[in-house]
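To convert, note that position 116 of the sequence shown is 116 in my numbering; the numbers rise steadily by one, no gaps. We put the CB at the ideal spot given by N, CA and C, even for glycine. As C-alpha coordinates, the structure follows; a few thoughts come after it.
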Amino acid sequence: MQIQPHLVLQTIKDVNQSLVDDNLVETDRIGAGAFFWALPSKGYQSRQNLIDNITNHQQTLDKDIEEIEAKIQMEKNSRISNDGEREQMMKELEELRKDNQQVVAKLKLYEKCDPEKLKEINENKKKCHQGMVRWTDNLYEIENWIKKNNAAMTGEEIYQAFPILRDLDYLE
1 MQIQPHLVLQ
11 TIKDVNQSLV
21 DDNLVETDRI
31 GAGAFFWALP
41 SKGYQSRQNL
51 IDNITNHQQT
61 LDKDIEEIEA
71 KIQMEKNSRI
81 SNDGEREQMM
91 KELEELRKDN
101 QQVVAKLKLY
111 EKCDPEKLKE
121 INENKKKCHQ
131 GMVRWTDNLY
141 EIENWIKKNN
151 AAMTGEEIYQ
161 AFPILRDLDY
171 LE
(Lines of atoms letter the chains of each structure in order from A and count residues from 1; the text may use other names and numbers.)
(Lines give C-alpha, C1' and ligand atoms only; values in the text may rest on other atoms or scores of the structure.)
Protein backbone atom coordinates (compact mmCIF):
# COMPACT_ATOMS: atom_id res chain seq x y z
CA MET A 1 0.00 0.00 0.00
CA GLN A 2 1.47 3.27 -1.05
CA ILE A 3 0.86 6.29 1.17
CA GLN A 4 0.33 9.60 -0.52
CA PRO A 5 3.15 12.07 0.17
CA HIS A 6 1.01 14.67 1.97
CA LEU A 7 -0.40 12.19 4.53
CA VAL A 8 1.51 11.55 7.74
CA LEU A 9 1.46 7.95 8.97
CA GLN A 10 0.99 9.05 12.60
CA THR A 11 -2.16 11.01 11.64
CA ILE A 12 -3.70 7.88 10.14
CA LYS A 13 -2.88 5.89 13.29
CA ASP A 14 -4.37 8.61 15.52
CA VAL A 15 -7.60 8.78 13.49
CA ASN A 16 -7.96 4.99 13.53
CA GLN A 17 -7.29 4.87 17.28
CA SER A 18 -9.90 7.56 18.00
CA LEU A 19 -12.47 5.66 15.91
CA VAL A 20 -11.67 2.47 17.84
CA ASP A 21 -11.96 4.36 21.15
CA ASP A 22 -15.41 5.66 20.13
CA ASN A 23 -16.51 2.09 19.21
CA LEU A 24 -17.17 3.16 15.62
CA VAL A 25 -14.53 0.82 14.18
CA GLU A 26 -13.40 -2.66 15.25
CA THR A 27 -9.76 -3.71 15.19
CA ASP A 28 -7.89 -6.98 15.33
CA ARG A 29 -4.29 -8.04 14.97
CA ILE A 30 -3.59 -10.84 12.59
CA GLY A 31 0.06 -11.68 12.44
CA ALA A 32 2.05 -8.48 12.14
CA GLY A 33 -0.82 -6.46 10.71
CA ALA A 34 -3.65 -4.57 12.34
CA PHE A 35 -6.98 -4.75 10.55
CA PHE A 36 -9.83 -2.26 10.98
CA TRP A 37 -13.45 -2.69 9.94
CA ALA A 38 -16.92 -1.36 10.64
CA LEU A 39 -20.12 -3.32 10.10
CA PRO A 40 -23.32 -1.37 9.45
CA SER A 41 -25.36 -3.80 11.57
CA LYS A 42 -23.13 -3.16 14.61
CA GLY A 43 -23.59 0.60 14.28
CA TYR A 44 -27.35 0.12 13.97
CA GLN A 45 -27.37 -2.18 17.00
CA SER A 46 -25.36 0.25 19.17
CA ARG A 47 -27.65 3.14 18.24
CA GLN A 48 -30.71 0.98 18.95
CA ASN A 49 -29.29 0.06 22.37
CA LEU A 50 -28.71 3.74 23.11
CA ILE A 51 -32.29 4.59 22.10
CA ASP A 52 -33.63 1.75 24.28
CA ASN A 53 -31.58 2.91 27.28
CA ILE A 54 -32.76 6.50 26.91
CA THR A 55 -36.38 5.39 26.48
CA ASN A 56 -36.19 3.21 29.61
CA HIS A 57 -34.62 6.06 31.56
CA GLN A 58 -37.34 8.45 30.39
CA GLN A 59 -40.07 5.99 31.41
CA THR A 60 -38.48 5.63 34.85
CA LEU A 61 -38.32 9.41 35.25
CA ASP A 62 -41.95 9.79 34.11
CA LYS A 63 -43.00 7.19 36.67
CA ASP A 64 -41.04 9.00 39.41
CA ILE A 65 -42.67 12.31 38.43
CA GLU A 66 -46.13 10.76 38.64
CA GLU A 67 -45.37 9.30 42.09
CA ILE A 68 -44.05 12.63 43.36
CA GLU A 69 -47.03 14.53 41.98
CA ALA A 70 -49.35 12.01 43.69
CA LYS A 71 -47.49 12.55 46.98
CA ILE A 72 -47.76 16.32 46.57
CA GLN A 73 -51.49 16.08 45.95
CA MET A 74 -51.89 13.74 48.92
CA GLU A 75 -50.00 16.20 51.16
CA LYS A 76 -52.11 19.10 49.89
CA ASN A 77 -55.28 17.13 50.65
CA SER A 78 -54.04 16.21 54.13
CA ARG A 79 -53.42 19.87 54.91
CA ILE A 80 -57.00 20.82 54.22
CA SER A 81 -58.67 21.00 57.60
CA ASN A 82 -62.41 21.00 58.14
CA ASP A 83 -62.38 22.31 61.69
CA GLY A 84 -59.81 25.06 61.15
CA GLU A 85 -57.21 23.40 63.37
CA ARG A 86 -54.41 23.90 60.88
CA GLU A 87 -55.18 27.59 60.43
CA GLN A 88 -55.22 28.03 64.20
CA MET A 89 -51.85 26.28 64.50
CA MET A 90 -50.40 28.43 61.71
CA LYS A 91 -51.55 31.60 63.51
CA GLU A 92 -50.05 30.33 66.75
CA LEU A 93 -46.78 29.56 64.95
CA GLU A 94 -46.67 33.09 63.53
CA GLU A 95 -47.29 34.55 67.01
CA LEU A 96 -44.51 32.41 68.45
CA ARG A 97 -42.14 33.59 65.74
CA LYS A 98 -42.96 37.23 66.56
CA ASP A 99 -42.43 36.54 70.28
CA ASN A 100 -39.11 34.92 69.48
CA GLN A 101 -38.01 37.98 67.50
CA GLN A 102 -38.94 40.23 70.42
CA VAL A 103 -36.99 38.05 72.87
CA VAL A 104 -33.95 38.09 70.59
CA ALA A 105 -34.17 41.90 70.40
CA LYS A 106 -34.34 42.15 74.22
CA LEU A 107 -31.42 39.75 74.52
CA LYS A 108 -29.33 42.05 72.34
CA LEU A 109 -30.14 44.94 74.69
CA TYR A 110 -28.86 42.95 77.69
CA GLU A 111 -25.79 41.73 75.84
CA LYS A 112 -23.73 44.51 77.43
CA CYS A 113 -24.33 42.95 80.85
CA ASP A 114 -23.35 39.47 79.78
CA PRO A 115 -20.91 38.05 82.37
CA GLU A 116 -18.63 36.69 79.67
CA LYS A 117 -18.54 40.06 77.89
CA LEU A 118 -17.85 41.85 81.19
CA LYS A 119 -15.07 39.39 81.97
CA GLU A 120 -13.54 40.01 78.54
CA ILE A 121 -13.78 43.79 79.00
CA ASN A 122 -12.12 43.55 82.43
CA GLU A 123 -9.30 41.40 81.04
CA ASN A 124 -8.71 43.92 78.25
CA LYS A 125 -8.77 46.72 80.82
CA LYS A 126 -6.09 44.94 82.89
CA LYS A 127 -3.91 44.44 79.80
CA CYS A 128 -4.24 48.11 78.88
CA HIS A 129 -3.38 49.17 82.45
CA GLN A 130 -0.30 46.94 82.46
CA GLY A 131 0.80 48.44 79.14
CA MET A 132 0.29 51.96 80.49
CA VAL A 133 2.39 51.18 83.60
CA ARG A 134 5.11 49.62 81.44
CA TRP A 135 5.34 52.71 79.19
CA THR A 136 5.30 55.05 82.17
CA ASP A 137 8.19 53.05 83.64
CA ASN A 138 10.00 53.28 80.30
CA LEU A 139 9.60 57.07 80.22
CA TYR A 140 10.94 57.38 83.77
CA GLU A 141 13.89 55.18 82.79
CA ILE A 142 14.59 57.44 79.79
CA GLU A 143 14.49 60.49 82.07
CA ASN A 144 16.94 58.84 84.50
CA TRP A 145 19.23 57.79 81.64
CA ILE A 146 19.29 61.35 80.28
CA LYS A 147 20.10 62.74 83.74
CA LYS A 148 22.86 60.17 84.27
CA ASN A 149 24.49 60.41 80.81
CA ASN A 150 24.01 64.14 80.25
CA ALA A 151 24.96 65.83 83.51
CA ALA A 152 24.99 69.25 81.86
CA MET A 153 21.18 69.20 81.45
CA THR A 154 19.18 70.32 84.40
CA GLY A 155 15.80 68.90 85.30
CA GLU A 156 14.08 72.01 83.93
CA GLU A 157 15.90 71.69 80.58
CA ILE A 158 14.83 68.05 80.35
CA TYR A 159 11.22 69.04 81.00
CA GLN A 160 11.45 71.76 78.33
CA ALA A 161 12.86 69.25 75.82
CA PHE A 162 10.35 66.55 76.80
CA PRO A 163 7.18 68.25 78.15
CA ILE A 164 5.46 64.90 78.63
CA LEU A 165 7.78 64.10 81.53
CA ARG A 166 6.58 67.10 83.57
CA ASP A 167 2.99 65.83 83.95
CA LEU A 168 3.84 62.12 83.96
CA ASP A 169 2.36 60.08 86.78
CA TYR A 170 0.99 56.59 87.39
CA LEU A 171 -2.77 56.16 87.13
CA GLU A 172 -4.70 53.70 89.21
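- The Cβ atoms of E141 and L165 do not sit closer than 8 Å to each other.
- Straight across, the Cα-Cα distance linking Q102 with Y170 is about 46 Å.
- The alpha-carbon separation between N150 and I158 amounts to approximately 10 Å.
- When only Cα atoms are considered, I12 and N49 end up about 29 Å apart.
- In this structure, the beta-carbon distance from E123 to K117 does not fall below 8 Å.
- Collapsing the DSSP output to three states places A70 in a helix.
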